[in-house]
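Reviewing the structure listed below.
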Amino acid sequence: MNLPNKRAAELLGKDKFKSEKAANKIINDTDLDAWKCIIDNAEFIFSYIKEKAGRKLAFAINKDNYNNVFEFFKYYAEELDYFLVEPLTKVDIDQVKPKMLELLKAGSVEEKAYAVKYLGLINDTESATLIFEQYKEDFEPLKSNVAEALSALEDKDSYSHFIEQLKSEDDWEKVDAAQFLSVYGNVDAVKPMLESMSNSGGMAENIAGEICSLVSLSELFASEDKQSQELSLEAFDNILSGIPEVWDVSALLGFKVYDCVNKIIELSQDDISFEGQYALLLLKMKSKADLFVENSQYTFDADKDALKELEEIHNLLNSLGEDFWKMQSENLCEELSAESLKRKKSAIALIAELQQNTATEHLLPMLEKETNEILLCEIISALDKLGQASKIENIDELLAKIKDPNLLAISKSSLSLT
Numbered sequence: 029m030n031l032p033n034k035r036a037a038e039l040l041g042k043d044k045f046k047s048e049k050a051a052n053k054i055i056n057d058t059d060l061d062a063w064k065c066i067i068d069n070a071e072f073i074f075s076y077i078k079e080k081a082g083r084k085l086a087f088a089i090n091k092d093n094y095n096n097v098f099e100f101f102k103y104y105a106e107e108l109d110y111f112l113v114e115p116l117t118k119v120d121i122d123q124v125k126p127k128m129l130e131l132l133k134a135g136s137v138e139e140k141a142y143a144v145k146y147l148g149l150i151n152d153t154e155s156a157t158l159i160f161e162q163y164k165e166d167f168e169p170l171k172s173n174v175a176e177a178l179s180a181l182e183d184k185d186s187y188s189h190f191i192e193q194l195k196s197e198d199d200w201e202k203v204d205a206a207q208f209l210s211v212y213g214n215v216d217a218v219k220p221m222l223e224s225m226s227n228s229g230g231m232a233e234n235i236a237g238e239i240c241s242l243v244s245l246s247e248l249f250a251s252e253d254k255q256s257q258e259l260s261l262e263a264f265d266n267i268l269s270g271i272p273e274v275w276d277v278s279a280l281l282g283f284k285v286y287d288c289v290n291k292i293i294e295l296s297q298d299d300i301s302f303e304g305q306y307a308l309l310l311l312k313m314k315s316k317a318d319l320f321v322e323n324s325q326y327t328f329d330a331d332k333d334a335l336k337e338l339e340e341i342h343n344l345l346n347s348l349g350e351d352f353w354k355m356q357s358e359n360l361c362e363e364l365s366a367e368s369l370k371r372k373k374s375a376i377a378l379i380a381e382l383q384q385n386t387a388t389e390h391l392l393p394m395l396e397k398e399t400n401e402i403l404l405c406e407i408i409s410a411l412d413k414l415g416q417a418s419k420i421e422n423i424d425e426l427l428a429k430i431k432d433p434n435l436l437a438i439s440k441s442s443l444s445l446t
């Protein structure tokens, strides 16, 4: 490995003898320069190489040199923390635990992240409250380790706390709760997380991403609980909306999008209860897949596994016949009658994006019946993009229903009244 620090390079190198020797020297000499070199270059090192190096460092830690390890805690290495901490669980707990508790009370956030990892590994239930208090720190690795440790300790108080926090009016607090619960790993949290996502103003994509980290979304699409089924489909819509705005194309693999698409295709053949939602998701994914495949700026830095996932999704969707896609275009208009405001908005946006002019006959009558001013603005904007704004009648009465000055200005602009 070509690194500026010799010991770090040898630790990560292919020569087993030199690698083991470097690991021993790094630990015995408390070589923080080598450790920092590894951390600084971590993003360029393959995970399997870091894992091999971590195992060698762990093997080098023993009862005679374990005190040296605490110096390494000043610098946090996310994929290597376990290998520094786990060997300490084999050393006299009466010597190590007090030091860890002291770090938890007065250490840096980096040191606290290691201490929390340790206390979780030794199943120290007495420290649960102190561990929970660390979640307030603004350091993501520490927050993740706190959730992981409290899960290992089966701490119910923290779990209940964040289930309740999902109901917060503050979207950031909702996301914070969802992040904790996705790491905590109790699948009973899925339903409350879905409900929180659906009630979120501007962070629905982020919460959907945390749900996908907790459970395979495609497994929920055929849920016997119709609300969970509908919300899981909404979550997938949020995932698609977040690529590439929130996540890059690699998220297709991480969120198992192929499995989701394949399941929706299967369900669309038999289940008519959500046919409009299935159509929206399939059309939206097809549009995204075509965009990503045809424009390299979305894929130039994606790894081969992500590119393979994209190719398989693209091939799957384009293998479906013309009649299938004609049916989906027709079914998309069914979403305009959905009870959910979010589903209607998503359908209107996609109709405009895909230039579905045939939907005009469905959009125009909605203007007469609809009272929600946000939705009215969305419909007017969509008709403008479709080149059908001239067909809107009773404009004065329509605009009178829109009270928000910003929405009114947007609507007038769409109607060429400004």
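If you count the sequence shown from 1, you need to add 28 to reach my numbering. Note that CB positions come from ideal geometry on N, CA and C, so glycine has one too. Remember, predicted model here, so these are calculated numbers, not experimental data.
Proximity below 8 Å, CB of residue i to CB of residue j
i: residue 11; j: residue 293; result: Outside the displayed range of the chain (29 to 446) lies residue 11, so it cannot be described from this structure.
i: residue 65; j: residue 36; result: yes
i: residue 238; j: residue 370; result: no
i: residue 233; j: residue 266; result: yes
i: residue 91; j: residue 39; result: no
i: residue 146; j: residue 179; result: no
i: residue 260; j: residue 249; result: yes
i: residue 93; j: residue 56; result: yes
i: residue 175; j: residue 193; result: no
i: residue 244; j: residue 287; result: yes
i: residue 383; j: residue 345; result: no
i: residue 348; j: residue 307; result: no
i: residue 162; j: residue 144; result: yes
i: residue 114; j: residue 60; result: no
i: residue 203; j: residue 235; result: yes
i: residue 256; j: residue 291; result: no
i: residue 156; j: residue 181; result: yes
i: residue 436; j: residue 427; result: yes
i: residue 399; j: residue 373; result: no
Nearest-angstrom beta carbon gap, residue j and residue i [assumed within contact, 8 Å]
i: residue 392; j: residue 375; result: No, residue 392 and residue 375 are not in contact; Cβ-Cβ is about 15 Å, not under 8 Å.
i: residue 326; j: residue 272; result: 6 Å
i: residue 101; j: residue 142; result: 5 Å
i: residue 107; j: residue 78; result: 5 Å
i: residue 111; j: residue 86; result: 4 Å
i: residue 381; j: residue 315; result: 7 Å
Best match in the options for proximity to residue i [C-alpha to C-alpha]
i: residue 133; options: 109, 122, 158 and 123; result: 158
i: residue 152; options: 170, 171, 128 and 163; result: 128
i: residue 410; options: 82, 437 and 379; result: 379
i: residue 320; options: 341, 139 and 304; result: 341
i: residue 356; options: 296, 396 and 333; result: 296
i: residue 119; options: 95, 109 and 104; result: 95
i: residue 353; options: 254, 440, 312 and 330; result: 312
i: residue 197; options: 445, 226, 177 and 270; result: 226
i: residue 343; options: 330, 439 and 318; result: 318
i: residue 330; options: 281, 424, 53 and 155; result: 281
i: residue 33; options: 43, 368 and 50; result: 50
i: residue 173; options: 105, 125, 228 and 221; result: 105
Cβ-based neighbour list, residue i, same chain, cut-off 6 Å, excluding 5 preceding and 5 following
i: residue 167; result: 137
i: residue 190; result: 205, 208 and 209
i: residue 217; result: 209
i: residue 412; result: 442
i: residue 183; result: 156
i: residue 82; result: 108 and 111
i: residue 160; result: 186
i: residue 215; result: 243
i: residue 438; result: 405
i: residue 195; result: none
i: residue 283; result: 240 and 267
Cut-off 7 Å between Cβ atoms - residues of its own chain near residue i, not counting five sequence neighbours on either side
i: residue 394; result: 364 and 407
i: residue 69; result: 31
i: residue 109; result: 141, 142 and 145
i: residue 230; result: 199
i: residue 73; result: 40
i: residue 170; result: 137, 140, 141, 144 and 162
i: residue 48; result: 84
i: residue 431; result: 401
Residues of its chain near residue i, where Cβ-Cβ distance is below 8 Å and the 5 sequence neighbours each way are ignored
i: residue 362; result: 303, 304 and 307
i: residue 103; result: 60, 63, 64, 67 and 138
Neighbour flag for residue i against chain D, beta carbons, 8 Å
i: residue 63; result: Absent here is chain D; the protein component of the structure consists of one chain.
Specify whether the region 269-277 and the region 297-307 touch according to this definition: at least 3 beta carbon pairs, one from each stretch, less than 8 Å apart.
Contact fails between the region 269-277 and the region 297-307, because fewer than three Cβ pairs, one in each stretch, are under 8 Å apart.
Segment contact flag, the region 337-353 with the region 394-409, C-beta cutoff 8 Å, min 3 pairs
Cβ pair count under 8 Å is below three, so no.
Determine contact between the region 416-436 and the region 382-392, defined as no fewer than three beta-carbon pairs at a distance below 8 Å.
In short, these stretches touch, since the Cβ pair count reaches three.
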